[in-house]
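Single-structure report; data block below.
Residue numbers (the numbering used here): 7 to 320.
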C-alpha cells in the first residue's frame with residue numbers, strides 16, 4: 007500500500023471502478039470507493055486522487071470522456087477491459103498491484119533510456135531459447151515513465167509504469183520513412199496476450215473470443231516465434247505451425263512487429279498465471295514484441311520474462 011501512496015504525493019487515492027471485485031478490494035485496504043457511473047465532468051464526487059479500474063466495454067469506450075472528469079485530479083488508469091474484465095482477471099491484477107515496487111520501475115526506465123541512447127542495437131537471450139536482436143532507427147521514440155508522482159490533469163495509464171516501449175504506427179508504414187525499430191531472431195514466449203483499443207471491439211465478439219483462445223494456448227505449450235526483418239515468419243506451438251491463425255487476426259499490418267517493449271514489474275515467478283489475459287503479465291520484467299494495433303486489428307503481445315540483454319552495438 008505504501009508504494010501506491012507514493013504515486014499520489016501521499017494523498018490516499020479513491021478507487022473508481024465498475025467492478026464489485028474492485029469495491030471489495032478497496033474496502034479490504036481501507037480505501038474510499040466510487041462507482042464510475044456516479045461521476046460526471048462537474049460532479050463533486052470526482053476525487054482529487056484516483057485509481058480508475060475499468061472492466062466493462064461500455065466504460066472503456068468512454069475512457070476519453072471519463073478522463074475529462076479528472077481534469078483537476080491525479081488519476082492512474084487500469085483499463086482491464088482491454089484485456090479481460092472478468093472477476094478472476096480483476097482479482098489477479100489487483101493482487102499484483104498491491105505489492106508493486108513503482109520506484110524500482112522508475113529506475114528501470116531511466117536505466118533503459120541510458121542504455122538505448124548509447125547504442126543502436128540490443129541483443130537478448132533467454133533460458134528457453136529466445137535469441138533476438140532489435141535495431142533502433144534514428145527517429146525512434148520511447149514511451150516511458152518520467153516521474154514517480156502522477157501529474158494533475160493528465161490521466162496516466164498503469165502501462166506507463168510497466169513498460170519502456172516504442173511502437174510503429176500506420177502512418178510510418180505507409181510513409182516510406184525508416185522504421186523506428188526492426189526485430190530479428192527467435193522468441194520463446196512465456197505467454198501471449200491479446201488486447202484491443204477503446205470502442206474497437208467487444209469482449210463477446212467472436213473474433214475476440216477466438217483470438218483469446220489462441221493466445222491462451224501458449225500458457226501450456228512450448229511456443230516459438232521466428233521473426234525476420236521485423237516480420238513474423240512462423241509461430242509454432244508444440245511443433246504445430248499456427249502462423250496463419252495469428253495472421254487472420256493481424257489486420258492491415260499483417261505480421262509486422264508494431265511494438266517492442268521492456269517490462270519492469272518484478273513479479274515472483276510463482277505469482278504469474280499466463281492463462282490470465284492481463285496487462286500485469288504484459289509488464290512483467292523482461293521484453294515483449296507486439297503485432298497488430300488493437301484498432302484495425304487485435305493486438306498480440308509475445309512476452310518473454312526469462313531474457314537478459316547480452317550485447318550492445320553501434
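Note that beta-carbon positions come from the ideal geometry of N, C-alpha and C, so glycine has one too.
None of the values given here were measured: they were computed from a predicted structure.
Comparing alpha carbon positions, the residue from 25, 157, 90 and 23 closest to residue 207 is 90. Taken in chain order, the complete beta strand (DSSP E) segments of 3 or more residues contained in the segment 29 to 66 are 39 to 41 and 55 to 60. Rounded to the nearest angstrom, the Cβ distance from residue 252 to residue 189 is 16 Å, too far for a contact under 8 Å. If you draw a straight line from the Cα of residue 153 to the Cα of residue 80, it comes to about 13 Å. Note that the C-beta distance between residue 22 and residue 56 is below 8 Å.
Looking at the backbone, the Cα of residue 44 and that of residue 51 are separated by about 7 Å.
In the DSSP assignment, residue 277 forms no beta bridge with any residue. In the structure shown, residue 68 falls within a coil segment according to DSSP collapsed to helix, strand and coil.
Contact between residue 173 and residue 264 holds, with the beta-carbon distance rounding to 6 Å and staying under 8 Å. Three or more beta-carbon pairs separated by less than 8 Å are not found between the segment 203 to 217 and the segment 265 to 277, which leaves the two stretches without contact. Judged by their CB atoms, residue 262 and residue 300 are not nearer to each other than the 8 Å cut-off. The DSSP-derived three-state label of residue 97 is helix. Under a 10 Å Cβ-count criterion, residue 69 is classified as buried, with 16 or more other Cβ atoms of the shown protein chains found around its own Cβ. By the criterion of a C-beta distance shorter than 6 Å, residue 111 is surrounded in its chain by 167 and 270, once the five residues flanking it on both sides are discounted. Between residue 184 and residue 145, the C-beta spacing is below 8 Å. Boundaries for residue 81: no alpha helix (DSSP H) harbours it, while the beta strand (DSSP E) harbouring it runs 80 to 85, taken from the DSSP string. Residues of the same chain with a CB within less than 6 Å of the CB of residue 15, apart from the 5 flanking positions on each side, are 155 in chain order. In this chain, the beta strand (DSSP E) harbouring residue 264 covers 263 to 269. Of the residues assessed, residue 180 falls on the exposed side of the cut-off, its CB having fewer than 16 other CB atoms within 10 angstroms. Taking a 10 Å sphere around the C-beta of residue 24, we find 16 or more other C-beta atoms and assign the residue as buried. Where residue 23 is concerned, the enclosing beta strand (DSSP E) starts and stops at 20 to 23. Per the coordinates, the alpha-carbon of residue 42 lies some 11 Å from the alpha-carbon of residue 64.
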